[in-house]
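Letter by letter, the sequence shown follows residues -31 to -1, 1 to 281 of mature numbering (1 follows the signal peptide of the UniProt record, and there is no 0). Heads up, the beta-carbon is just placed ideally off N, CA and C, and yes, glycines get one too.
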Amino acid sequence: MTTQTGLPHAHALFAHNLPAAAAAAISQALAANGLAVHQLEASAAAADELLRLAEHLPGPLLLLGHGIGGTAVLLAAPHLPATAAIATLAAIAPGELPAKLGAPLLILHSPSDNAVGVDHARRIFQAARHPKSFLALDGADHELSTPGDAAYAGTLIATWAARHLPEPAAEPEGHVLVTENGTGSYGQTISVGRHLIAADEPRPLGEDSGLSPYDLLLAGLGACTSMTLRMYAERKGWPLERVSVALRHSRVHARDCADCETKDGRLDRIERSIRITGQLDAAQRQRLMEIADRCPVHRTLHSEIIIDTAAY
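Here it is in structure tokens:
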């Protein structure tokens, strides 16, 4: 099983026997950071399977293993020169750790793991050479069954691995890439330059793992409004201290809008409230409120928009 978002900049081999929900949460955290995650069943033969899979993958590689899968990645790592980082999660310590792993090592283990005691983490840490790190997953059980524990572990691994893997190639300026990320039915990862944003539908339709499409629309208008006021105040030399913009989207009956040309059906309504803080007089405040409508996003929403759609 492979999980990825867009074009990956690195690959992760993930050996485990975790429940599906926990494995998915970890894989999604890695995929959101630009890795293609290839899952395989942890077994006594997992080390050989890792070697076989790695033959078909370009480097760099992150090796990740849970339980006996952690044993497998530790044994396989010295034979995979493309390995850039190794992470173990509640791993069983091998009888003898290879003298040289060949890549930085992150060890995650819960002190309260009753299936594989934390002493396994101690043995791995003491036997491994630097660079190596240990992070305790306080309160987690062996299978990361508590909601949030697997996502937390995945985020820790992804953040740590990012220091040892190449940065993902940025999308060209002005380009936005949106790709499904496997979180529920509607989870998306939005790539904008070097920035990543999660999007989703709220519950019960989605998993509420990110901003909704209309949240993103309102956020764009709000950010643009605030920036526009700041630019204008700085150009005028006015003592503007802070701008806050609150927005709300709704659908209303056209007949309830006295100033609208459309009289049938429903209309989209955006309510925007602006709070301006600073030693400004009434005329300055009024002018800033007028300038809010000059925000480029505001103008785009009021103008004729052309959307060209093509396959790529």
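Helix or strand or just coil, what does DSSP make of residue i?
{"i": "residue 112", "result": "coil"}
{"i": "residue 160", "result": "strand"}
{"i": "residue 240", "result": "strand"}
{"i": "residue 259", "result": "helix"}
{"i": "residue 279", "result": "coil"}
{"i": "residue 154", "result": "coil"}
{"i": "residue 49", "result": "coil"}
{"i": "residue 203", "result": "helix"}
{"i": "residue 133", "result": "coil"}
{"i": "residue 178", "result": "coil"}
{"i": "residue 270", "result": "helix"}
Give the straight-line distance between the Cα atoms of residue i and residue j, rounded to the nearest whole angstrom.
{"i": "residue 61", "j": "residue 10", "result": "15 Å"}
{"i": "residue 213", "j": "residue 154", "result": "34 Å"}
{"i": "residue 90", "j": "residue 97", "result": "11 Å"}
{"i": "residue 223", "j": "residue -16", "result": "56 Å"}
{"i": "residue 268", "j": "residue 227", "result": "21 Å"}
{"i": "residue -2", "j": "residue 5", "result": "8 Å"}
{"i": "residue 177", "j": "residue -7", "result": "14 Å"}
{"i": "residue 197", "j": "residue 36", "result": "53 Å"}
{"i": "residue 156", "j": "residue 143", "result": "23 Å"}
{"i": "residue 34", "j": "residue 78", "result": "12 Å"}
{"i": "residue 258", "j": "residue 185", "result": "22 Å"}
{"i": "residue 132", "j": "residue 43", "result": "20 Å"}
{"i": "residue 146", "j": "residue 165", "result": "10 Å"}
{"i": "residue 220", "j": "residue 231", "result": "13 Å"}
{"i": "residue 171", "j": "residue 66", "result": "46 Å"}
{"i": "residue 8", "j": "residue 187", "result": "38 Å"}
{"i": "residue 238", "j": "residue 249", "result": "30 Å"}
{"i": "residue -21", "j": "residue 134", "result": "10 Å"}
{"i": "residue 16", "j": "residue 24", "result": "13 Å"}
Nearest to residue i by alpha carbon, out of the options?
{"i": "residue 53", "options": "44, 216, 70 and 208", "result": "70"}
{"i": "residue 107", "options": "98, 188 and 121", "result": "121"}
{"i": "residue 92", "options": "64, 272 and 104", "result": "64"}
{"i": "residue 193", "options": "127, 209 and 263", "result": "263"}
{"i": "residue 39", "options": "211, -14, 134 and 124", "result": "-14"}
{"i": "residue 20", "options": "158, 161, -10 and 50", "result": "50"}
{"i": "residue 251", "options": "235, 207, 76 and 134", "result": "207"}
{"i": "residue 181", "options": "234, 195 and 158", "result": "158"}
{"i": "residue 243", "options": "254, 149 and 82", "result": "254"}
{"i": "residue 126", "options": "266, -12 and -4", "result": "-4"}
{"i": "residue 109", "options": "266, 17 and 87", "result": "87"}
{"i": "residue 74", "options": "240, 281, 237 and 30", "result": "30"}
{"i": "residue 57", "options": "48, 117, 27 and 123", "result": "123"}
{"i": "residue -18", "options": "55, 134 and 104", "result": "55"}
{"i": "residue -12", "options": "280, 94, 168 and 114", "result": "114"}
{"i": "residue 118", "options": "-9, 260, 245 and 271", "result": "-9"}
Around the Cβ of residue i, are there at least 16 other Cβ atoms within 10 angstroms (buried) or fewer (exposed)?
{"i": "residue 2", "result": "buried"}
{"i": "residue 191", "result": "buried"}
{"i": "residue 174", "result": "exposed"}
{"i": "residue 85", "result": "buried"}
{"i": "residue 225", "result": "exposed"}
{"i": "residue 112", "result": "buried"}
{"i": "residue 99", "result": "exposed"}
{"i": "residue 160", "result": "buried"}
**Item:** Given 8 Å, three or more beta-carbon pairs between the stretch 194 to 211 and the stretch 274 to 281
**Value:** no
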